[in-house]
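Chemist: Note that the sequence shown covers residues 350 to 1222 in the working numbering.
Glycine included, C-beta positions come from ideal geometry on N, C-alpha and C.
Take a look at the following structure, please.
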Amino acid sequence: MVCWKVYNKVERVIGNFFARYGELVGTYPWTVLTVSVLVSGLLGIGLVNLTFESDVEKVYTPSDSQASQDRSTIKNIFDDDSGANFYSQSLVEANLFGTVIFESKNASNLLTVPYIHEIQSIYDQAITNVLGNRMNYSQLCAVRGSKCVVDGDIIFSANFGQLLVRGNITYPLLGNISLESIFGDVIIQRGVLQSAKFIKLVFNLRQDTTDSRDNSKLWEKDFVSHLQNIQSTLLDVTYAHSKSLDEELTSNISGDILFVSLTFTLMIVYATFVSMKCDCLLDRQNLGRAGVTTTGLGILASFGLVSACGVEFVDIVGVMPFLVLGIGIDDMFILLAGLAEAPLNETPAKRVAETMRTSGVAITITSLTDIIAFSVGASSVFPGVRNFCIYTGIAVLFCYLNFVTFFIACIAINERRVSAEKHCCLCCHTIEMKDKMGAASRLRRFCCGGTALTSVSDMQSLLERLPGQILIKFITLTPVKIITLISFAVYLGVAIWGATNFKQGLDTTNLVSDDSYYFTYNLQNRKHFLQRIPVSFVIDGTLDYSKVSTVNSIDSLMTHVQNDKTVGNNNLVISWFDSFRSSPVYNNTSESQFVTNLKLFLDSNEEFKNDVRFDSTSLRIRASRVYVLTNNLVDSTEQGDFMLRMRSLTEDSSLHVIAYSPSFIFYEQYVAILPSTLQTVGIAVAVIFVVTALFMPSPLLILYVTVSMVMIMTGIFGFMYFWDLTLSSITMIHVIMSVGFSVDFSAHICHAFMTVEGSTRDEKVKNAILRSGGPIWNGAISSIIGIIMLVFSKSYIFRSFFRVMLLVILFGVGHATFFLPVVLSLIGPMENTKSDSKSVSDMASMSSRLGHSNPGLHTDEENKSPKQISLQV
């Protein structure tokens, strides 16, 4: 009883506030509408400052990660030598390059003279015809020993040609050159290469200066343009460059913007259809279109404000309009349902006040939960997640503000029109059908006639009433309750199983469309070529390398590294230290002698010059590095685990060592995504729990909403596994979005249950469904319409958003209209039940006689006019 008194007090205080505000808007609707449009329009001007960010590293990897900090440290120690002494393993940043994979049109062996000659012809064209700022490859190439470094150009050498003819190409090493990255789908017999169905060339580019980097990027673009026009009768050619993923990602998103306009069109059509009545006075389709317009103004204002604040637009923000449209139309149906049950004999301003008293609370709860979820997400370490949540959270806020200003003003204006008995389109006075039109033609009655407002059913269309009327016919039947509980138990079990098998990681191939040139290249590269990752171990600090303790520490570290399962003693170690100790000039009698002889060694071994840095006196070693190459490493989970194991080994070493690879920048997301998602979702759930408690201070209701939210979130995680989705910085956004959405429908039905009357729980459940069933189902259908166009998208971002959003909608509706009604009918709170409450059948009968259709209304015995008890949908 105490909880119910608290609930009533909170409901009354909040309701009175919204009622006073609604009456104010209802009194001055044109002023409020004008101000709302002007504010949204002025904020929209900020779009001129809209900037785009498509760099995959910046968007999809954690900011200020350990790998990025290590990169900054190493860059301060080692210079970029791509313009003088290029070795790919010594790169601190990802390389600039153009790459091409050749395959025979009939999938035959490429190790024949005709195929090699055809490849060389294409190679020569790329060397001479591809330009970057009017400079060809020979002017922009990465250099080693005054020659351009092209991985794979060994196949054009005279020595390789002779070995090819003799069939004596050793594998995996030909001399000191590894062939693993050059040939794919190989057949080897006794260490001799017999066949290769794929050959890959990599054109490495300079990046040691700002000018060379800029010109190299221009060369990359021309490289793709050139290869797109290559015609070969013998070979199929796939290609890419270092920024292909970024460019294709942006291209996909910009191409999918067309779906936004189509979605707005579909939403306008649906909103018009649902709110339409064949009555020129009571028709509300103008309000349906106004609801879509309201959402559009909110999106415009958010884009303008956030852009003006300098927040970059990232590709995944492209799904925001689809999401906000669903939220906005849901709010529209809630407000229209509240308007339908407002007292019929009141002035337009009073009817608007009662609409806000009841439905204002509803849209505030749902909007707050969504805003909170996105606000928490805005603290993410992933820039893409952060920017999306900022854009979307602000959009939801402005959508809410526009609904309580612009849309409420539209409702007030429409109510004035109805009160004045004016035509819904022409605003001229309508002719009352029954009394004044007599034998007029059907066309005239349809176009000009109207019926005065006499009942709640006059305000609602069939589609607004039908869902609730259907559900109450069977939802409280005992067999239905049993089947519902068993079904949801099975659902929860399947979801838990799927969640335990849910994988982490972002496959970059999925970021582009299936018809992208990068998709084809990346698929072939990963499928047919070994993916060995060079990892450097940077010994940072001035050390005496002639000491036994230093030698033992280095040897111990490298032994442990080589014993790792991902390295697996493959002997792919590049170590200046080991090579120097094996050379005839090695001398460790003293530090000075060690350094002197090391310099002699480096002068004759250029491949190690990049790996040793001397201090300012040139008498001591300031830092050095050695490398290992991993085994084939393609699984994202294993990549993240490998990075952590390497770091653990360096932490255990007595030396100050940094384990680093440019690939670690991307591996960071694989180890950060799960804790970041759990933390974000946990905080969001906790805060939403508090908000729910403030608006619905009933322990049982809070428990039911929380349980429902947990079940929905479990279902989303579990069924994402069945839909081949992984946890990544992209799907993390969808999960955050789901937290707010999973509360919306559940809160509607629970709050409606508390505000209706009934002598039994079953009766209260039926009355609650009559109130909230229509808005819940129409909101769900409109949300599905809002995302349906994404099925045809080429973008993984849009397609994955559709899948997760569909799960959220289906699970949310299922819990709100089946699971929670059954639970409430069994153990729902009954503190507000009145002893003289009518049964559902009695109320329905009375309502029918009085011209009303909703049992949430009863008759005031003194004036025989409908009186609003309470409404929450």
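Measure the C-alpha to C-alpha separation of Asn425 and Gln988 and round it to an integer number of angstroms.
Modeler: Mapped onto the sequence shown, residue 425 falls at position 76. Mapped onto the sequence shown, residue 988 falls at position 639. Each residue's Cα considered, the two are about 26 Å apart.
Chemist: Ordered along the chain, which non-local residues of its own chain (more than five positions away) have a Cβ less than 6 Å from that of Tyr866?
Modeler: The residue you call residue 866 lines up with position 517 of the sequence shown. There are no such residues.
Chemist: Can you list, in chain order, the residues of its chain with a C-beta nearer than 6 Å to that of Gly364? Leave out the 5 residues immediately preceding and following it.
Modeler: As a first step, residue 364 must be located in the sequence shown, where it is residue number 15. Result list for Gly364: Arg706, in chain order.
Chemist: Rank Gly1135, Tyr588, Val514 and Gln942 by C-alpha distance to the C-alpha of Asn874 and give the top, closest one.
Modeler: As a working mapping, residue 874 is identified with position 525 in the sequence shown. Answer by Cα proximity: Tyr588.
Chemist: Between Ala545 and Ser1091, what straight-line distance do the alpha-carbon atoms span, to the nearest angstrom?
Modeler: Your numbering for residue 545 matches position 196 in the sequence shown. Your numbering for residue 1091 matches position 742 in the sequence shown. In a straight line, the C-alpha of Ala545 is about 53 Å away from that of Ser1091.
Chemist: In whole angstroms, what is the alpha-carbon distance linking Ser941 and Asn525?
Modeler: Taking the first residue of the sequence shown as position 1, residue 941 is located at position 592. Taking the first residue of the sequence shown as position 1, residue 525 is located at position 176. Each residue's Cα considered, the two are about 31 Å apart.
Chemist: Taking the C-alpha atoms as reference points, what is the distance between Gln538 and Lys549?
Modeler: On the sequence shown, residue 538 is found 189 positions in, with the first residue counted as 1. On the sequence shown, residue 549 is found 200 positions in, with the first residue counted as 1. Straight-line Cα distance between these residues: approximately 21 Å.
Chemist: Restricting to Cα atoms, I'd like to know which of Thr1104, Phe1094, Ala456 and Ala1008 is closest to Val975.
Modeler: Mapped onto the sequence shown, residue 975 falls at position 626. The shortest C-alpha separation from Val975 is found at Ala1008.
Chemist: In terms of DSSP beta bridges, what is Cys497 paired with?
Modeler: Counting from 1 along the sequence shown, the entry for residue 497 is found at position 148. Secondary-structure assignment with DSSP links Cys497 through a beta bridge to Val492.
Chemist: Quick one: measure Cβ to Cβ for Val745 and Ile676, integer angstroms, because I've assumed they're closer than 8 Å.
Modeler: For the purposes of this step, residue 745 is identified with residue 396 of the sequence shown, where counting begins at 1. For the purposes of this step, residue 676 is identified with residue 327 of the sequence shown, where counting begins at 1. Right, the Cβ-Cβ distance comes to about 6 Å (below 8 Å), so this counts as a contact.
Chemist: What is the C-beta distance between Val977 and Val900, in whole angstroms, given that I count them as a contact (C-beta under 8 Å)?
Modeler: By 1-based counting over the sequence shown, the position of residue 977 is 628. By 1-based counting over the sequence shown, the position of residue 900 is 551. Their Cβ separation, rounded to whole angstroms, is 18 Å, which puts Val977 and Val900 out of contact at 8 Å.
Chemist: Who pairs with Val551 in a beta bridge, going by DSSP?
Modeler: Residue 551 sits at position 202 when you count from the first residue of the sequence shown. Under DSSP, Val551 forms a beta bridge with Thr448 and Asp500.
Chemist: So, Gly817 versus Gly1107, is the Cβ gap smaller than 8 Å?
Modeler: Looking up residue 817 in the sequence shown gives position 468. Looking up residue 1107 in the sequence shown gives position 758. The criterion of a C-beta distance shorter than 8 Å is not satisfied by Gly817 and Gly1107.
Chemist: Quick one: residues in its chain with C-beta nearer than 7 Å to the C-beta of Ala368, no 5 flanking neighbours on either side, listed in chain order?
Modeler: Residue numbering aside, residue 368 sits at position 19 when the sequence shown is read from its first letter. Result list for Ala368: Ala702, Glu703, Met705 and Arg706, in chain order.
Chemist: Mind checking Pro378: buried by the 16 CB within 10 Å criterion, or exposed?
Modeler: Residue mapping note: residue 378 aligns to position 29 of the sequence shown, counting from 1. So Pro378 counts as buried.
Chemist: Is the separation between the beta-carbon of Ala650 and that of Arg638 shorter than 8 Å?
Modeler: Locating residue 650 in the sequence shown gives position 301, counting from the first residue. Locating residue 638 in the sequence shown gives position 289, counting from the first residue. Their beta carbons are not under 8 Å apart, which means Ala650 does not touch Arg638 by this criterion.
Chemist: Who are the near neighbours of Pro521 in its chain, counting only those whose CB is closer than 8 Å to its CB and skipping five residues on each side?
Modeler: The residue you call residue 521 lines up with position 172 of the sequence shown. Contacts found: Ser527, Leu528 and Glu529.
Chemist: Let me check understanding here. Comparing Cα to Cα, which of Arg361, Leu820, Leu1155 and Thr559 lies closest to Asp429?
Modeler: Counting from 1 along the sequence shown, the entry for residue 429 is found at position 80. Checking every option, the nearest Cα to that of Asp429 belongs to Thr559.
Chemist: Please confirm whether Asn1127 has its beta-carbon closer than 8 Å to some beta-carbon of chain D.
Modeler: In the displayed structure, chain D is absent; only one protein chain is listed.
Chemist: So for Glu1000, helix, strand or coil by DSSP?
Modeler: Indexing the sequence shown from 1 puts residue 1000 at position 651. Three-state result, Glu1000: helix.
Chemist: Identify which residue in Thr400, Lys566, Asp680 and Val551 has its Cα closest to the Cα of Ile503.
Modeler: Counted from its first residue, the sequence shown places residue 503 at position 154. Taking Ile503 as reference, the option from Thr400, Lys566, Asp680 and Val551 with the minimal CA-CA separation is Val551.
Chemist: Which full runs of the alpha helix (DSSP H) of 4+ residues lie inside the segment 940 to 1005, going along the chain?
Modeler: 940 to 952 and 985 to 1001
Chemist: On the DSSP letters alone, give me the boundaries of the alpha helix (DSSP H) that Gly1064 sits inside.
Modeler: Here residue 1064 refers to the residue found at position 715 of the sequence shown. Pro1048 to Phe1071 is the span of the alpha helix (DSSP H), which, as asked, contains Gly1064.
Chemist: Kindly provide the ranges of any beta strand (DSSP E) runs that are 3 or more residues long and lie completely inside the segment 659 to 685, ordered along the chain.
Modeler: Taken in chain order, no unbroken stretch of beta strand (DSSP E) lies wholly in the segment 659 to 685 with a span of 3 residues or more.
Chemist: Is the CB-CB distance between Thr915 and Leu993 below 8 Å?
Modeler: Indexing the sequence shown from 1 puts residue 915 at position 566. Indexing the sequence shown from 1 puts residue 993 at position 644. Contact flag unset, no.
Chemist: Starting from Asp413, trace the beta strand (DSSP E) both ways and give me its first and last residue.
Modeler: Against the sequence shown, residue 413 aligns to sequence position 64. No beta strand (DSSP E) contains Asp413, which DSSP labels as neither H nor E.
Chemist: Assuming Ser1010 and Val884 make a contact with CB atoms under 8 Å, what is their CB distance in whole Å?
Modeler: Here residue 1010 corresponds to residue number 661 of the sequence shown, with the count starting at 1. Here residue 884 corresponds to residue number 535 of the sequence shown, with the count starting at 1. Indeed they touch by this definition, with Cβ atoms about 5 Å apart.
Chemist: By the DSSP assignment, the beta strand (DSSP E) with Gly1031 in it spans what residues?
Modeler: Locating residue 1031 in the sequence shown gives position 682, where the first residue counts as 1. Not the beta strand (DSSP E): Gly1031 falls in the alpha helix (DSSP H), residues Phe1013 to Phe1044.
Chemist: How would you call Trp846, buried or exposed, if buried means at least 16 neighbouring beta carbons within 10 angstroms?
Modeler: As a working mapping, residue 846 is identified with position 497 in the sequence shown. Trp846 comes out exposed.
Chemist: Would you check if the distance between the CB atom of Phe755 and the CB atom of Ser1149 is smaller than 8 Å?
Modeler: Translated into the one-based positions of the sequence shown, residue 755 becomes position 406. Translated into the one-based positions of the sequence shown, residue 1149 becomes position 800. The answer is no: Cβ separation not under 8 Å.
Chemist: Roughly how many whole angstroms lie between the Cα atoms of Thr1029 and Gly540?
Modeler: Here residue 1029 refers to the residue found at position 680 when the sequence shown is read from its first residue. Here residue 540 refers to the residue found at position 191 when the sequence shown is read from its first residue. Approximately 53 Å, taken between the alpha carbons.
Chemist: Taking the C-alpha atoms as reference points, what is the distance between Leu611 and Met1154?
Modeler: Here residue 611 refers to the residue found at position 262 of the sequence shown. Here residue 1154 refers to the residue found at position 805 of the sequence shown. If you take the alpha carbons of Leu611 and Met1154, they lie about 18 Å apart.
Chemist: With Ala650 as the anchor, note down where its alpha helix (DSSP H) starts and where it stops.
Modeler: One-based indexing of the sequence shown puts residue 650 at position 301. That run of the alpha helix (DSSP H) goes Gln634 to Ala657.
Chemist: So, at 7 Å on beta carbons, what are the nonlocal neighbours of Val666 in its own chain, with the 5 sequence-adjacent residues on each side left out?
Modeler: Counting from 1 along the sequence shown, the entry for residue 666 is found at position 317. Around Val666: Asn736, Phe737 and Tyr740.
Chemist: Applying the 10 Å Cβ sphere with the 16-neighbour rule, what's the burial state of Phe823?
Modeler: The count along the sequence shown starts at 1 and reaches residue 823 at position 474. Exposed, because fewer than 16 other Cβ atoms sit within 10 Å of the Cβ of Phe823.
Chemist: Pick helix, strand or coil for Lys1113, following the three-state DSSP scheme.
Modeler: Translated into the one-based positions of the sequence shown, residue 1113 becomes position 764. Looking at Lys1113 - three-state DSSP - the assignment turns out to be helix.
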